[in-house]
Amino acid sequence: MDYLFTDEQKMIKELAHKIAEEKVRPAAAKYDISEEYPWDVIKVIAESDLFGLFIPEEYGGMGVNITNLCLATEELSRACGGIAVCYAASALGTFPIVLFGNEEQKKKYLPDLASGKKVAAFGITEPEAGSDASAIKTTARKEGDYYILNGLKHFITNGGDAETYTVIAMTNKDKGARGASAFIVEKGTPGFTFGKKEDKFGIRASSTRELIFTDCKIPAKNLLAKEGMGFIVTMRTFDMSRPGVAAQALGIAQGALELAAKYAKQRQQFGKSISSFQGIQWMLADMATEVEAARALVYSCARAIDAGAKDVSKESAMAKMYASDVAMKVTVDALQIFGGYGYMKDYPIEKYVRDAKITQIYEGTNQIQRNIIGLQLVRDAGKV
Amino acid sequence: MNIIVCIKQVPETTEVRINPETNTLIREGVKSIINPFDMYAIEESVRLKERFGGKITIVTMGPPQADAALREAISMGADEGVLVCDRAFAGSDTWATSYTLAGAIKKIGTFDLVICGKQASDGDTAQVGPGIATHLNIPQVTYVKKVEEATDKSMRVERMLEEGFEIIETPLPALLTVVKEINEPRIPSLKGLLRAKSSKITMWGQKELGLDPQKIGLCGSPTQVVKIFTPPQRVGGQILKGEIPEIAAQIVELVRSEVN
């Protein structure tokens, strides 16, 4: 389907496609096994300016444009969901600074993130605070010109490999959700260390670690926005980043669909290509239709954000939820088309199933997305 | 260091089909790309510019659509593109092509280095680079796999030969042809692509270059193509097994039977 992208957007898509085919796909299996951070591929992505797609031009970026970010993320994810999330997670870690940073903070941090010289990470999740983000226990206590951070974040994508972290901590526990604040923390700050690296089911090229804060002293000027704005920062950040997760899911689904169609053409059974069987064709037809529906939702949502739509929580939740559910279904069906071979690690398709699963879980489980959508529907119904 | 890179736009496929009646390549339906060997020439020029500064001008001779090849080179880091394009140049063989490109290079003016790919993937002659050097009357070093040292006056490079390497020092200006071992061409940047899109490509024809009409195009081309064909596929070889003396004996036996 023609989405009437601009010439520049087609250029971004083609560039990301080229990187995906020439650099990401050949490295996908290697990093899936080794679980090393794919620095060599990240360097290519950085040199191609794609890290600039979520950063304003005045800070060395290419201008904040969610559609562009989604185009790049989708193409990279077609080849490897793990490597793509290293890229997309940097956008997640950067958005709080783009959205809420003051001039000094933007000038200090954004140019290196735009050039990809450094990558970013976002830290909110804790062992006891997953979907219930208001349960976070990490604290930030103000002492003169500093904040002292104590606590543990876990499941942090890019954790350990990122240089710049945006972290949510409680500045006033009595105020509940309104007592949380957002901070920029640099790697190497005394008292800021990393815990174990997680051994994951999928997206294994990306690193997932604990962030440990032990009397970690950071300058007070690293506070983003104002004290108590932590959850506003988080919600606005997620509204911007969710289409990116949706695009990641979409890319994984598209990649799996392409592999399945190609395999179906090659695979001979009963003396002919299995693609000549109606059963296989119908499976492919359903998969392709769902992928296209997901794509339409993802880019509609991204364009709405770029056009300045105010309240996008519901739409961005819909895009993330639907695209990731489609990714899960399509990758499982793609594996089915590969039959027994698909179950073996010699073929690339089983990795797509593993990579797809996380997209239903992170940046808000799909159940939480349904809560967001449902809440908005109920609110809207109340207004009539 | 001011560098000129000569490139050629070629059909993407390595399995170029030939029209047996006209002895020409069938280009219809085949995507055009920059000759893969020229990609290494472009990349090396960008690396030299990153080390020494200067300017990179890309030159190509071809139809108007070769504009795309020049823009791709600019997206990788080159500064300007010159398209040598005129019906008068049509039908040029390697001699007329190198004469014409040398004419364009002379018109560009001062330069320190000319870089070409070792050969084009469609014609496979490896003659245009050396031809340009001859027409410009400058030293040439072919099959370069590494630039070891460079100053504004000279350059030391490593050549790749079939049986080893050769290290050569040449005064500048000079012409190099490069092999694929020299580098890994970069993927263009988005900024580069945007710059390439808005770049102005200079177009020069016979009017601008004022070349000797007897030396250009078909009439300036001494090459006569008698026949062009796809060579028959090589049949699989034979692998001999055993200890070396046994294999030696087998080889002698095989040679004998072939001779007889």
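Chains A and B supply the protein sequences, listed in that same order.
All the letters of the first sequence, read from the start, carry residue numbers 5 to 388 under this note's numbering.
All the letters of the second sequence, read from the start, carry residue numbers 9 to 268 under this note's numbering.
Quick reminder that beta carbons are idealized off the backbone N, C-alpha and C, glycines included.
Just so we're clear, the structure is a prediction, and the values are computed from it rather than from any experiment.
Proximity below 8 Å, CB of residue i to CB of residue j
i: T71(A); j: Y303(A); result: yes
i: A186(A); j: L228(A); result: yes
i: I101(A); j: I172(A); result: no
i: E62(A); j: S245(A); result: no
i: E212(A); j: K204(A); result: For the sequence presented, residue 212(A) should be read as Thr rather than Glu. A contact, by the Cβ cut-off of 8 Å.
i: D53(A); j: K205(B); result: no
i: A33(A); j: K121(A); result: no
i: A260(A); j: V330(A); result: no
i: A128(B); j: K16(B); result: yes
i: L183(B); j: I146(B); result: yes
i: K361(A); j: G206(A); result: yes
i: I284(A); j: Y356(A); result: no
i: G212(B); j: A112(B); result: A quick correction: the sequence has Trp, not Gly, at residue 212(B). Yes.
i: K157(A); j: E202(A); result: no
i: G155(A); j: T143(A); result: yes
i: Y48(B); j: V186(B); result: yes
i: A77(B); j: S53(B); result: no
i: I23(A); j: L96(A); result: no
i: T170(A); j: F198(A); result: no
i: T231(B); j: V90(B); result: no
i: F119(B); j: I12(B); result: yes
i: G65(A); j: A139(A); result: no
i: L57(A); j: K17(A); result: no
i: I160(A); j: C220(A); result: no
i: I341(A); j: A268(A); result: yes
Cβ separation of residue i and residue j, assumed to be a contact under 8 Å, to the nearest whole Å
i: I87(A); j: P42(A); result: 5 Å
i: G225(B); j: A98(B); result: 6 Å
i: I59(A); j: L114(A); result: 5 Å
i: C305(A); j: S320(A); result: 5 Å
i: G131(B); j: Q148(B); result: Wrong, their Cβ atoms sit about 18 Å apart, outside the cutoff.
i: N162(A); j: A137(A); result: The pair is not a contact, with the Cβ atoms about 19 Å apart (cut-off 8 Å).
i: E156(B); j: V165(B); result: 6 Å
i: E78(A); j: L263(A); result: The pair is not a contact, with the Cβ atoms about 16 Å apart (cut-off 8 Å).
i: Q252(A); j: T363(A); result: 6 Å
i: V67(B); j: V92(B); result: 7 Å
i: Q135(B); j: T108(B); result: Not quite, the Cβ-Cβ distance comes to about 14 Å (not below 8 Å), so this is no contact.
i: G248(A); j: L73(A); result: 6 Å
i: T218(A); j: G195(A); result: 5 Å
i: M168(B); j: K153(B); result: 4 Å
i: P193(B); j: E51(B); result: 4 Å
i: D46(B); j: G125(B); result: 4 Å
Residue i classed as buried or exposed, judged by whether at least 16 other C-beta atoms fall within 10 angstroms
i: M5(A); result: exposed
i: V68(A); result: buried
i: S38(A); result: exposed
i: M239(A); result: exposed
i: A289(A); result: exposed
i: W286(A); result: exposed
i: T150(B); result: buried
i: M348(A); result: exposed
i: S83(B); result: buried
i: S210(A); result: buried
i: E80(B); result: buried
For residue i, the three-state DSSP class (helix, strand or coil)
i: V48(A); result: helix
i: L219(B); result: coil
i: Q285(A); result: helix
i: D53(A); result: coil
i: K200(A); result: strand
i: R271(A); result: coil
i: R242(B); result: coil
i: K249(B); result: coil
i: F187(A); result: strand
i: K230(A); result: coil
i: K333(A); result: helix
i: E214(A); result: strand
i: C227(B); result: helix
i: K221(A); result: strand
i: I236(B); result: coil
i: I59(A); result: coil
i: K410(A); result: Since the first residue of chain A shown is 5 and the last is 388, residue 410(A) is not available in this structure.
The ligand PLP heavy atom lying under 7 Å from the CB of residue i
i: G67(A); result: Within the structure as shown, the ligand PLP is missing, as the structure has no ligands at all.
_4-residue-minimum alpha helix (DSSP H) runs that sit fully inside the segment 89–177 of chain A, ordered along the chain_ = Counting only runs that start and end inside the segment 89–177 of chain A, the alpha helix (DSSP H) elements of at least 4 residues fall at 107–118.
*Every unbroken alpha helix (DSSP H) within the segment 120–173 of chain B, with a cutoff of 4 residues, ordered by chain*: If we require 4 residues or more, the alpha helix (DSSP H) runs fully inside the segment 120–173 of chain B come out as 136–144.
_Entirely enclosed beta strand (DSSP E) segments - the segment 10–93 of chain B, minimum 3 residues_ = Runs found: 11–15, 17–19, 40–42, 64–69, 88–92.
*Quick one: which unbroken beta strand (DSSP E) runs of 3-plus residues sit fully inside the segment 178–213 of chain B? Chain order, please.*
Counting only runs of 3 or more, we get 182–186, 210–212.
*asked:* Which complete alpha helix (DSSP H) runs does the segment 348–383 of chain A hold, if anything under 4 residues is left out?
replied: DSSP runs (the alpha helix (DSSP H)) wholly in the segment 348–383 of chain A: 353–363.
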